[in-house]
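Only one structure is covered here, and it is reproduced in the block below.
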């Protein structure tokens, strides 16, 4: 069963998940413990249109990167993790105005490395875009430097 993952960020300004960002997507992520996966529903907006009515690939990559962070957080409880690499595959087009669901799973958590796999499915349940990525857990001081510019 999908359960809402509470947003742990105080300022709420993240473009993808921040409830306070006026221009943001305000995404809500869910965790399904039985399936061990995070998911999020989204309808691609016209402002993110690429060629024709295709949802821009850069935005798809951003959504998947965001889902990877949320999956890592849901499984490990660690907020201080950053993307160190990702490989994306575009399998079929995602279209503006057509609902999608974004999924992500932690494949391996060892030491300070979180390896993940995610994908975007269309309303027919067909995988459109896929990612394999790695996040690195960093200390509080480094996190403050990287994320807050301190």
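Numbering (this note's numbering), first residue to last: -3 to 146.
All residues carry an ideal CB built from backbone N, CA and C; glycine is no exception.
* Asked: Roughly how many angstroms lie between the CA atoms of residue 138 and residue 116, to the nearest whole one?
  -> 31 Å
* To do: May I ask you to report which of helix, strand or coil DSSP gives residue 37?
  => strand
* To do: Can you tell me which of the three DSSP states residue 112 falls into?
  => strand
* **Cut-off 8 Å between Cβ atoms - residues of its own chain near residue 61, not counting five sequence neighbours on either side** => 79, 82, 127, 129
* Asked: Relative to the C-alpha of residue 99, which residue among 20, 28, 70, 34 is closest?
  -> 34
* To do: Determine the burial state of residue 68: buried for a count of at least 16 other Cβ atoms within 10 Å of its Cβ, exposed for fewer.
  => buried
* For the alpha helix (DSSP H) containing residue 81, list its first residue and its last residue. => Segment 77 to 86 is the beta strand (DSSP E) holding residue 81; no alpha helix (DSSP H) there.
* To do: Give me the Cα-Cα distance between residue 136 and residue 103, rounded to the nearest whole angstrom.
  => 24 Å
* Of the choices 7, -1, 1, whose alpha-carbon is the least far from that of residue 143? -> 7
* Asked: Grouping DSSP H, G and I as helix and E and B as strand, with all else coil, what is residue 106?
  -> strand
* Label residue 63 either buried or exposed according to how many other C-beta atoms from any shown protein chain fall within 10 Å of its C-beta, with 16 as the threshold for buried. => buried
* Asked: First and last residue of the beta strand (DSSP E) that includes residue -1?
  -> -2 to 0
* To do: From the DSSP output, read off the bridge partner residues of residue 101.
  => 113
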